[in-house]
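Chain order of the listed sequences is A and B. Taking the working numbering, the leading residue of the first sequence gets 2, the next gets one more, and so forth. Taking the working numbering, the leading residue of the second sequence gets 171, the next gets one more, and so forth. All residues carry an ideal CB built from backbone N, CA and C; glycine is no exception. All figures in this text were calculated on a predicted structure; none of them were measured in a lab. Since the structure comes first, as C-alpha cells, the remarks are kept for the end.
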Amino acid sequence: KAGVTQTPRYLIKTRGQQVTLSCSPISGHRSVSWYQQTPGQGLQFLFEYFSETQRNKGNFPGRFSGRQFSNSRSEMNVSTLELGDSALYLCASSIYLAGELFFGEGSRLTVL
Amino acid sequence: AQSVTQPDIHITVSEGASLELRCNYSYGATPYLFWYVQSPGQGLQLLLKYFSGDTLVQGIKGFEAEFKRSQSSFNLRKPSVHWSDAAEYFCAVAYGGATNKLIFGTGTLLAVQP
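See the structure below:
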C-alpha cells in the first residue's frame, strides 16, 4: 500500500514568489491535514480537509491557502513568500477525523 | 490556551537502558493523545495513541505510554533502548473530538550511546 506522497520534496523560491505543494493521501483516506515544521516554532497545524471541506484552519495569515479535490488529493499554496516561510511542510492523511495520521516525508521549502 | 509540554529537549541514554520521555498537556476535557517519532529527513510515524479505556497503551517498536489524568501526563516508556531508537519524539494532543488538528510538543531528541 503506497504511503502519503508529497511533491516536490525540495524547492527553492525567492521572496515575493508563490508556491504550490501537492499531497496524495493513502488510497481510501478522506482526511488530509497540513503542518509546518520549523526549528523555531516546531510543528504547527495549517489546515485540515475532509471530503473536500476545510474543517479546521490554523493561525496562519491568509497567504496560506489550501484545497482538497474529489479524489482526496490536496494542495496548499503560499503566496508572496517571506523568508520566514522556509520550513518543512508535512501532509498527513487519515481514514477518519481523530484517527491515526500517516505523514508524508514532507516538502522542504527554502525562501531566499 | 491548549498546550503540550515536553520538558526534556535532549536526552542521552545507553543502549539497553530504560527510557521515559515526559509529556504534559494543559487541562481540559480528556483529549486524544499521541506519540510520534521522526527520524532525520523523514516524516512522522505514529508510535501509539490513547483515546479512552485502559490507561496503559502499547505501541509499535516496544514502546508504551501511560495516561495519568490527575497529572495531565502521557509519558512514553521503553524498557530497553536500541541504537535504532535514536530520533526525535513528539507528543501531541487533539481536542474537540472529531478533528485531526493536533497540537504538538516541542519534541525530545533522543541520543543512544553504545
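Proximal chain A residues relative to residue i, where beta-carbon distance stays under 8 Å
i                      : result
residue 259 of chain B : Residues of chain A passing the Cβ test: none, with the nearest at roughly 12 Å.
Under 7 Å from the C-beta of residue i: neighbouring residues of chain B
i                      : result
residue 31 of chain A  : Those within 7 Å of residue 31 of chain A in chain B number zero; the least Cβ separation is about 11 Å.
residue 99 of chain A  : 202, 264, 267, 268, 269, 270
residue 107 of chain A : 213
residue 83 of chain A  : The contacting residues do not exist; residue 83 of chain A stays about 22 Å from chain B at best.
Min CB distance residue i to chain B below 8 Å
i                     : result
residue 88 of chain A : no
residue 34 of chain A : yes
residue 12 of chain A : no
residue 74 of chain A : no
residue 53 of chain A : no
residue 46 of chain A : yes
residue 23 of chain A : no
residue 91 of chain A : yes
CB contact below 8 Å: residue i versus chain D
i                      : result
residue 270 of chain B : Of the chains in the structure shown, none is chain D; the protein chains are A and B.
Residues near residue i by beta carbon distance below 7 Å, same chain, minus five either side
i                      : result
residue 64 of chain A  : 79, 80, 81
residue 101 of chain A : 95
Beta-carbon gap between residue i and residue j smaller than 8 Å
i                      : j                      : result
residue 59 of chain A  : residue 46 of chain A  : yes
residue 229 of chain B : residue 105 of chain A : no
residue 235 of chain B : residue 216 of chain B : no
residue 199 of chain A : residue 94 of chain A  : As shown, chain A starts at 2 and ends at 113. That puts residue 199 of chain A outside it, with no answer to give.
residue 96 of chain A  : residue 31 of chain A  : yes
residue 207 of chain B : residue 256 of chain B : no
residue 261 of chain B : residue 237 of chain B : no
residue 99 of chain A  : residue 270 of chain B : yes
residue 210 of chain B : residue 192 of chain B : no
residue 201 of chain B : residue 265 of chain B : yes
residue 83 of chain A  : residue 70 of chain A  : no
residue 272 of chain B : residue 204 of chain B : yes
residue 108 of chain A : residue 10 of chain A  : yes
Contacts of residue i in chain B (Cβ-Cβ under 9 Å)
i                      : result
residue 104 of chain A : 206, 208, 212, 213, 214, 215, 216
residue 56 of chain A  : 268, 269, 270, 271
Proximal residues of chain A, C-beta to C-beta of residue i below 9 Å
i                      : result
residue 231 of chain B : Under the 9 Å cutoff, chain A gives no residues; its nearest Cβ is about 15 Å from residue 231 of chain B.
residue 152 of chain B : The displayed coordinates of chain B run from 171 to 284. Any statement about residue 152 of chain B would go beyond what the structure contains.
Chain A within 8 Å of residue i, Cβ atoms only
i                      : result
residue 175 of chain B : no
residue 219 of chain B : yes
Per-residue contacts from residue i into chain A (C-beta, under 7 Å)
i                      : result
residue 276 of chain B : 43
Close Cβ partners of residue i (< 8 Å) along its chain, the five nearest in sequence each way excluded
i                      : result
residue 179 of chain B : 276, 277, 278, 279
residue 188 of chain B : 247, 248, 249, 250, 251
residue 281 of chain B : 180, 181, 182, 183, 256
Cut-off 6 Å between Cβ atoms - residues of its own chain near residue i, not counting five sequence neighbours on either side
i                     : result
residue 74 of chain A : 25
residue 49 of chain A : 34, 56, 57
residue 8 of chain A  : 23
Partners in chain B for residue i, counting only beta-carbon separations shorter than 8 Å
i                     : result
residue 95 of chain A : 270
At least 3 beta-carbon pairs within less than 8 Å: the segment 174 to 191 of chain B vs the segment 25 to 42 of chain A: no
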